[in-house]
Each structure stands twice: as structure tokens, then as C-alpha cells.
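Participant: Protein chains in written order, with our numbering: chain Y, 1 to 330; chain C, 331 to 658.
Beta carbons: idealized from backbone N, C-alpha and C, even for Gly.
These numbers come from a predicted model, not from an experiment.
There's a structure below that I have some questions on.
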Amino acid sequence: MMRALGLAGLLFAVAALALTAGQVHLDAAALWQGITGGDGPGALTIRILRGPRVAVGLGAGAALGLSGAIFQSLLRNPLASPDVMGFTAGSGLAILASITAGLSLPMPLVAAAGGLATAVLVAILARPPGGARGVEGTPALTLVLVGIGVGFTTASVGSFLMTRLSGPQAAEAHRWLAGSLSARDWGHGLQIALIGGLFALVLVPQVRALKLLELGPELAAGLGLRVRRARVLLAATGVGLAAAAVAVVGPVAFVALMAPPVGARLSGARGAGGRLAAAAAAGAIIVVLADLVARASLPGLQLPIGVMTGILGAPYLLWRLSREMERGEL
Amino acid sequence: MTRWGLLIGVLAAVVLLSLTVGVRPVSLAEAWRALTAPDLTNPDHIVVLSIRLPRIVAGLICGAALGTAGMAMQVLTRNPLADPGVLGVNAGAAFAVTLGSLLLQRADAGFLAYLAFPGAAAATVAVFSLGGGFRGDASPVRLTLAGAALNALLVSLVSAVVLMRGDTLEVVRFWVVGSLADAGARPIAAMAMAAGGGLALLFALAPRIESLALGAALSRGLGTHPGRVQAGVLVSVTLLTGAAVALAGPIAFLGLMAPPIARKIVGAALRPGLVASALLGAVVLLFADTLGRLVFAPAEIRAGVMTALVGGPAFVLIARRLSPGGTS
Numbered sequence: 001m002m003r004a005l006g007l008a009g010l011l012f013a014v015a016a017l018a019l020t021a022g023q024v025h026l027d028a029a030a031l032w033q034g035i036t037g038g039d040g041p042g043a044l045t046i047r048i049l050r051g052p053r054v055a056v057g058l059g060a061g062a063a064l065g066l067s068g069a070i071f072q073s074l075l076r077n078p079l080a081s082p083d084v085m086g087f088t089a090g091s092g093l094a095i096l097a098s099i100t101a102g103l104s105l106p107m108p109l110v111a112a113a114g115g116l117a118t119a120v121l122v123a124i125l126a127r128p129p130g131g132a133r134g135v136e137g138t139p140a141l142t143l144v145l146v147g148i149g150v151g152f153t154t155a156s157v158g159s160f161l162m163t164r165l166s167g168p169q170a171a172e173a174h175r176w177l178a179g180s181l182s183a184r185d186w187g188h189g190l191q192i193a194l195i196g197g198l199f200a201l202v203l204v205p206q207v208r209a210l211k212l213l214e215l216g217p218e219l220a221a222g223l224g225l226r227v228r229r230a231r232v233l234l235a236a237t238g239v240g241l242a243a244a245a246v247a248v249v250g251p252v253a254f255v256a257l258m259a260p261p262v263g264a265r266l267s268g269a270r271g272a273g274g275r276l277a278a279a280a281a282a283g284a285i286i287v288v289l290a291d292l293v294a295r296a297s298l299p300g301l302q303l304p305i306g307v308m309t310g311i312l313g314a315p316y317l318l319w320r321l322s323r324e325m326e327r328g329e330l
Numbered sequence: 331m332t333r334w335g336l337l338i339g340v341l342a343a344v345v346l347l348s349l350t351v352g353v354r355p356v357s358l359a360e361a362w363r364a365l366t367a368p369d370l371t372n373p374d375h376i377v378v379l380s381i382r383l384p385r386i387v388a389g390l391i392c393g394a395a396l397g398t399a400g401m402a403m404q405v406l407t408r409n410p411l412a413d414p415g416v417l418g419v420n421a422g423a424a425f426a427v428t429l430g431s432l433l434l435q436r437a438d439a440g441f442l443a444y445l446a447f448p449g450a451a452a453a454t455v456a457v458f459s460l461g462g463g464f465r466g467d468a469s470p471v472r473l474t475l476a477g478a479a480l481n482a483l484l485v486s487l488v489s490a491v492v493l494m495r496g497d498t499l500e501v502v503r504f505w506v507v508g509s510l511a512d513a514g515a516r517p518i519a520a521m522a523m524a525a526g527g528g529l530a531l532l533f534a535l536a537p538r539i540e541s542l543a544l545g546a547a548l549s550r551g552l553g554t555h556p557g558r559v560q561a562g563v564l565v566s567v568t569l570l571t572g573a574a575v576a577l578a579g580p581i582a583f584l585g586l587m588a589p590p591i592a593r594k595i596v597g598a599a600l601r602p603g604l605v606a607s608a609l610l611g612a613v614v615l616l617f618a619d620t621l622g623r624l625v626f627a628p629a630e631i632r633a634g635v636m637t638a639l640v641g642g643p644a645f646v647l648i649a650r651r652l653s654p655g656g657t658s
């Protein structure tokens with residue numbers, strides 16, 4: 001319990017730091033003044049510049065963390081997450097395709113459609129040969145490998161589309177594909193709050209199913225769970241959460257992969273519900289912190305947050321891999 | 331040896347196809363005249379000599395290099411998913427080229443090409459040590475995941491470099507999609523020598539690689555030094571991949587597709603397998619390049635995209651067969 005409070009405190013501290021630190025440094029008084037509706041530099045920074053940015057980062061990070069936690073529990077594999085399995089890449093490709101085609105469709109819908117289509121594609125492609133499917137379902141590592149293959153193909157189609165764009169359009173698309181929090185307004189914040197919140201609500205009644213599935217599919221079925229249906233619903237919720245985040249910040253790499261174990265470690269949560277909440281908090285912390293480091297570490301140069309999480313997350317994936325290996329799981 | 335005849339025949343057919351078709355079709359007879367008695371006032375001859383011929387030569391070198399590099403990696407690691415693109419070696423070379431172009435403020439292809447080698451070397455060593463390749467116990471899943479992670483890291487770094495300097499995007503976005511279109515401007519002769527050196531080394535090492543594939547303990551008993559053989563393979567993979575990336579940019583999946591087909595055609599022995607893999611790699615790349623020129627003519631689909639469209643599904647197919655139980 002204490003550690004859970006500590007995690008919440010950390011989240012609050014990171015958000016406050018993200019609001020105060022940067023090119024223009026604010027002290028606590030100016031921050032408070034800005035929040036409570038006074039005038040001055042604090043108000044401008046909070047309301048126009050950093051406020052929406054931090055809000056969007058918190059929301060998107062929480063959605064990605066939840067999505068990762070769902071997949072890692074569902075597939076009982078710490079390497080399973082929507083980014084490693086190629087879903088976020090699919091969302092990114094869908095958005096890039098709509099930019100190239102000059103369509104003015106709402107980005108969240110495009111991202112969700114792309115992510116969902118990729119998830120279905122990976123699930124179908126990874127089905128074991130012969131179509132024999134027991135309760136055990138498709139092995140998680142096959143899903144991961146197939147997802148990597150699909151991800152490579154999407155990436156190369158994406159870089160092909162990049163060559164079809166004009167110079168400025170390409171720069172815009174590239175910035176977008178790397179994942180970025182710059183120039184986000186309260187509209188984006190509202191969007192991730194509504195859509196992400198909706199999926200989080202949908203998740204609440206499914207926590208019990210997730211808990212049962214962690215015992216293993218046979219046992220869950222024995223306890224009266226309709227395994228196949230529960231799996232499909234949970235996976236759809238996970239894809240929806242990831243797509244909601246991609247729609248506002250772009251395909252930010254590795255947050256969904258890292259957040260669940262980091263959250264569990266920090267909060268010490270054991271139960272399924274507690275770990276989901278911890279993953280959401282950890283995802284929000286990772287995104288806001290990465291964005292802070294990205295914009296404050298090199299003055300005058302705003303690296304997109306996705307570059308930052310990629311540079312941090314790839315070594316994490318490699319470390320995780322060596323851990324899994326030592327435990328003899330791979 | 332009808333199988334060899336068939337392979338060489340297919341390659342010859344693809345070369346002729348690539349020489350004659352395109353936005354400006356050239357008859358076979360005219361192409362032959364361009365090669366034997368070039369007339370520099372004839373536009374057909376200019377197209378053949380200065381555009382199509384360099385593409386074909388670069389495609390042959392690059393395809394052969396990637397096909398054999400893939401074969402060497404697959405045999406050494408016993409991993410059917412091993413491929414210079416999938417394991418991040420291409421990305422390493424691309425990163426070195428991007429970073430070099432930024433730091434040294436030079437964008438001439440002849441110079442940038444040489445940066446591909448240190449990049450490929452560093453990525454090869456990194457992915458093998460991360461994936462456990464040196465201990466001889468790398469499972470396919472582990473090595474592939476290590477490659478994917480390395481790839482993601484390098485792509486992020488390339489992104490960071492690009493975003494620091496907007497003008498590098500103009501170099502990079504055309505460069506990261508492998509293509510033979512700019513082959514004429516790149517140092518073909520030097521890269522042919524590098525790839526040839528890598529291939530020769532691989533050929534010389536072939537019996538020892540085969541004994542190493544039996545397992546480290548057994549091969550030591552047969553008098554092979556695993557460390558030296560692995561170092562040799564790394565050097566040749568670096569030479570082959572570096573040359574390929576320098577000529578055509580990072581082309582993924584060729585090294586994945588060519589070896590299994592080569593084995594089906596000529597059997598499991600490594601030396602004939604390498605030759606067949608080289609021929610197949612060249613066939614696939616040249617065919618992809620030619621097809622890419624035709625589909626949306628006069629626009630081009632770059633060869634790297636064409637190989638990915640075929641190679642991605644091939645990767646998925648192999649991955650499905652690989653891990654029915656979750657482990658290799």
C-alpha cells in the first residue's frame with residue numbers, strides 16, 4: 001500500500017516537474033498562480049504550452065501502459081506488447097497512408113482501424129498450421145515473431161510512402177512517425193481522456209477474466225470462463241487503448257513493453273487490478289519523463305519523445321531478453 | 331547438372347529482361363549492339379550503357395552478397411530467420427552512413443559508401459553477442475528478438491540524427507529504402523572487390539562452418555577453433571553486407587529467402603549452397619528491381635519495397651513453422 005502511494009506520489013512529482021522545467025523555468029509560486037487562474041508567465045506556460053503537452057503525455061502513457069499490461073497478462077509473456085507485435089506500427093502506417101493519399105479523415109479513427117487490422121492480421125497469420133486450436137491457443141512467441149515480421153513489412157511500405165511525399169510533408173510525417181508531444185492542444189487532451197477513459201471503463205469488468213486467464217486457460221475454463229470470448233474482448237480492448245494513444249502522440253516505441261514490469265516493481269502490486277493500475281501510472285511517468293528529457297536535455301533541439309523511448313527501450317528489451325534466457329524461457 | 335543450368339538460365343533471362351524492358355524498351359539486338367559497338371549518339375545505347383548496365387551489375391553483386399551473407403548467418407546460428415536485414419546489420423550500416431553524412435558534412439555516394447562497413451561490422455558483432463551467438467546456444471527466437479531490438483534502437487538513432495538536421499532527411503528517406511536506381515553513382519568496382527573478398531573467405535571457411543554447425547563441443551573435437559571460425563564469418567558477413575548496403579541501401583529479406591530455396595535445389599552441402607544462394611539472391615533482386623520499374627512506370631517502386639512485400643510473408647511463414655511449442 002505504501003509503495004502504491006509512493007508510485008502515485010512519483011507520478012505527481014514527475015507531472016509537476018514537467019510543468020515547471022524547460023526553457024523557461026517556473027517556480028512553485030508561478031505554477032500555482034498559473035493553475036489557479038492568475039496572469040503572468042505561469043498562466044501562458046500552463047494553459048497553452050506545457051499544460052496540454054503534459055496532459056496528453058499522461059493520458060497516452062497510461063493508455064499504452066494499460067495496453068501492454070493486458071497483452072502481457074493475456075499471453076503470459078513479458079515480451080508481448082502492442083509495439084513489439086507490430087500493432088502500433090500498423091496504426092502508424094494507416095496514418096501515413098492517409099497523409100499520402102491526401103485524405104482528411106479523423107486521425108484517431110485511422111489509427112484505430114490500422115491497429116485493429118494489423119492485430120487481426122497477426123492473429124490470423126500466427127495460427128498454428130493445420131488449424132488445430134485447443135484452449136491453449138496460439139503460442140505467445142509465435143505471435144511475437146509473426147508480429148515482428150509484419151512490423152518489418154509495414155515499416156518498409158511506410159518508408160516507401162515516405163519517398164512519395166513532398167519535402168515538407170515528409171518532414172511532418174517523419175516527425176509524426178517518431179512520436180511527438182509538441183504542438184498538442186487541449187483538444188488532443190480531451191480526445192485521449194474520453195477515448196482512453198472509455199476503454200479503461202470497458203476494461204474494469206474484464207479484470208476478473210484476466211485474473212482467471214492468468215491461472216492458465218484450462219483452469220479458467222474449468223472455473224466457468226468462456227475463454228475464447230474473454231480473450232478476444234481483452235485483446236480488442238488492448239488494441240483500442242494502444243490505438244487511442246497512437247492517435248494523439250504517434251507510435252511511441254517500447255512504452256507498452258516497459259510500463260507493466262516497471263509499474264509492478266515500483267508499486268509491489270500483486271493482483272491483476274493493482275498491476276493494471278500500476279502499469280497505467282508507470283506508462284504515464286515514462287512518457288512524461290521521456291518527453292521532459294527529450295526537450296530539456298539538448299537546448300534548442302526538441303527531439304521527439306519516440307526517439308527517446310526507442311533509445312531507452314531497446315536496451316531494456318535486450319536486457320529483458322537476457323533475463324528470460326537465464327531463466328531458460330527462451 | 332540440369333539444376334545449375336536452370337539457375338543460370340533463369341539468371342540470364344532476368345538479366346536480359348532487365349536490359350531490355352523499361353520506360354524506353356530496347357530490342358535485344360540493339361542492346362547487344364550497345365554492348366559491343368556503342369554509339370554514343372544513339373539514345374537507346376545511352377540508356378543501356380549508362381543506366382541499365384550499372385543497375386544490373388550492382389544488382390548482381392548486391393543480390394549475391396546478401397544471399398550468401400544470409401546463408402552464412404543461417405548455418406552458423408542454426409536460425410532460419412537470420413538475415414542481415416532482420417538482424418539489424420543493414421540498419422547498422424545505414425546508421426553509420428547517416429551519422430557520417432551529418433558529422434562530416436559530405437553527401438557524395440562514393441565517400442558515404444565506405445562508412446557502411448564499420449556500421450555493418452559493429453551491428454554484426456553486437457547482434458551476435460546480444461543474441462548469444464558466440465556461445466553457440468542462440469535460439470532462433472532469441473537472436474531474432476535481439477535483432478529486432480537492435481534494429482529499433484538504430485532506427486531511433488537515425489531518426490534523432492535526421493531531426494537534428496532537416497536536410498539529412500532528404501538524403502535518408504531515399505536511402506533507407508533499398509534501391510538500385512542510384513547504382514551508377516556508387517563505387518561499383520570497389521564494392522565488387524569487397525563482396526568478392528567476403529565470398530572467398532566464406533568459401534574457404536565452409537567446411538569449418540559446417541563442422542561448427544554440429545555444435546561447439548563436437549567441432550572442437552574435430553579440430554575446429556569455434557572462435558576463429560566465428561570471427562571469420564563475422565568478417566565476411568560484414569564485407570558482404572557492407573558492400574550490398576553501399577551499392578543499394580538496406581535491402582531486407584533477400585538473405586532470408588535465398589538460402590532455403592537454394593538448399594531445396596542443390597542440397598545441404600554449404601559450398602554449392604552458397605553458389606546457388608548467390609545466384610538466387612541476384613535473380614530475386616534483379617527481378618524485383620525490373621518489376622518495380624514496370625508496375626507504375628514511369629514512377630518506380632524501389633527494389634527494397636518489392637523484396638519486403640515478398641520477404642515479409644516468407645518471414646511469417648518460417649516463423650509459424652519455427653515455434654509450435656513456444657520455444658525453438
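(1) Does any C-beta atom of chain C lie closer than 9 Å to the C-beta of residue 258(Y)?
(2) Going along chain C, which residues have a C-beta under 7 Å from residue 184(Y)?
(3) Go to residue 295(Y), then tell me how far its alpha helix (DSSP H) extends in each direction, as first and last residue.
(4) Between residue 652(C) and residue 410(C), is the Cβ-Cβ spacing less than 9 Å?
(5) Going by beta carbon distance, what residues of the same chain come within less than 6 Å of residue 571(C), once the five residues before and after it are set aside?
(6) For a cutoff of 9 Å on Cβ pairs, would you count residue 159(Y) as touching chain C?
(7) Given residue 195(Y), which residues of its chain have a CB within under 7 Å of its CB, disregarding the five upstream and five downstream residues?
(8) Using 9 Å as the limit for Cβ to Cβ distance, is residue 151(Y) near chain C?
(9) For residue 262(Y) and chain C, any beta-carbon pair shorter than 9 Å?
(10) Report, in whole angstroms, the separation of the C-beta atoms of residue 322(Y) and residue 214(Y), which I expect to be a contact under 8 Å.
(11) Quick one: does residue 292(Y) have its CB under 9 Å from some CB of chain C?
(12) If we ignore side chains and look at the alpha-carbon of each, how far apart do residue 92(Y) and residue 156(Y) end up?
(13) Inspect the beta-carbon positions of residue 253(Y) and residue 482(C) and report whether they are closer than 9 Å.
(14) Applying the criterion that 16 or more other CB atoms from any shown protein chain within 10 Å of the CB defines a buried residue, is residue 579(C) buried or exposed?
(15) Can you tell me whether residue 630(C) is buried or exposed, with buried defined as 16 or more other CB within 10 angstroms of its CB?
(16) At what residue ranges does the region 408-490 of chain C contain a whole run of the alpha helix (DSSP H), taking only runs of 4 or more?
(17) Give a yes or no on whether the C-beta atoms belonging to residue 118(Y) and residue 86(Y) are separated by under 9 Å.
(18) Are the C-beta atoms of residue 96(Y) and some chain C residue less than 9 Å apart?
(19) Could you pull out every residue in the same chain whose Cβ sits closer than 7 Å to the Cβ of residue 618(C), ignoring the five residues on either side in sequence?
(20) The alpha helix (DSSP H) with residue 559(C) in it runs from where to where?
(21) What is the rounded straight-line gap between the Cα of residue 311(Y) and the Cα of residue 178(Y)?
(22) Go ahead and pull the three-state DSSP assignment for residue 255(Y).
(23) Distance, Cα to Cα, residue 563(C) vs residue 282(Y)?
(24) From 21(Y), 224(Y) and 59(Y), pick the residue whose C-alpha is nearest to that of residue 247(Y); which is it?
(25) By Cβ distance, which residues of its chain are closer than 6 Å to residue 53(Y), with the 5 residues on each side in sequence left out?
(26) According to DSSP, is residue 511(C) part of a helix, a strand, or is it coil?
(27) Output yes if chain Y places a C-beta closer than 9 Å to the C-beta of residue 472(C); else output no.
(28) Between the alpha carbons of residue 261(Y) and residue 270(Y), how many angstroms are there, rounded?
(29) From residue 249(Y) to residue 305(Y), what does the alpha carbon distance come to, in whole angstroms?
(30) What residues in the region 163-177 of chain Y have a beta carbon less than 9 Å from any beta carbon of chain C?
(31) Return the chain-ordered list of same chain residues with a C-beta closer than 6 Å to the C-beta of residue 303(Y), the five sequence neighbours on each side being excluded.
(32) Count the other CB atoms, across all protein chains shown, that sit within 10 Å of the CB of residue 598(C); report buried if there are 16 or more and exposed otherwise.
(33) Between which two residues does the alpha helix (DSSP H) carrying residue 523(C) extend?
(34) Considering just the uninterrupted stretch of the alpha helix (DSSP H) at residue 169(Y), what are its terminal residues?
(35) If the cut is a Cβ gap below 9 Å, which residues of chain C does residue 126(Y) touch?
(36) Only counting runs of 4 or more residues, tell me where the alpha helix (DSSP H) segments fall wholly within the region 571-647 of chain C, in order along the chain.
Facilitator: According to the data block:
(1) no
(2) Ordered by position in chain C, no residue passes the 7 Å Cβ test against residue 184(Y), which lies about 17 Å from the chain.
(3) 272-296
(4) yes
(5) 399, 414, 419 and 450
(6) The beta-carbon of residue 159(Y) is placed less than 9 Å from the nearest beta-carbon of chain C.
(7) 108 and 244
(8) yes
(9) no
(10) About 24 Å separates the two Cβ atoms, so there is no contact after all.
(11) no
(12) Looking at the two C-alpha atoms, the distance is approximately 12 Å.
(13) yes
(14) Counting every other CB atom within 10 Å of its CB across the protein chains shown gives residue 579(C) a total of 16 or more, marking it as buried.
(15) buried
(16) 419-433 and 439-460
(17) yes
(18) no
(19) Once the five neighbours on either side are set aside, the close Cβ partners of residue 618(C) are 633, 636 and 637.
(20) 556-578
(21) 12 Å
(22) Reduced to three states, the DSSP call for residue 255(Y) is helix.
(23) 43 Å
(24) 59(Y)
(25) 181 and 184
(26) coil
(27) yes
(28) Rounded to the nearest whole angstrom, the C-alpha separation of residue 261(Y) and residue 270(Y) is 11 Å.
(29) 9 Å
(30) Those residues of the region 163-177 of chain Y placed with their C-beta closer than 9 Å to a C-beta in chain C are 163, 164, 165, 167, 170, 171, 174, 175 and 177, ordered along the chain.
(31) 294
(32) By the C-beta density criterion, residue 598(C) is exposed, having fewer than 16 other C-beta atoms within 10 angstroms.
(33) 518-542
(34) 167-178
(35) 646, 649 and 650
(36) 584-596 and 600-625
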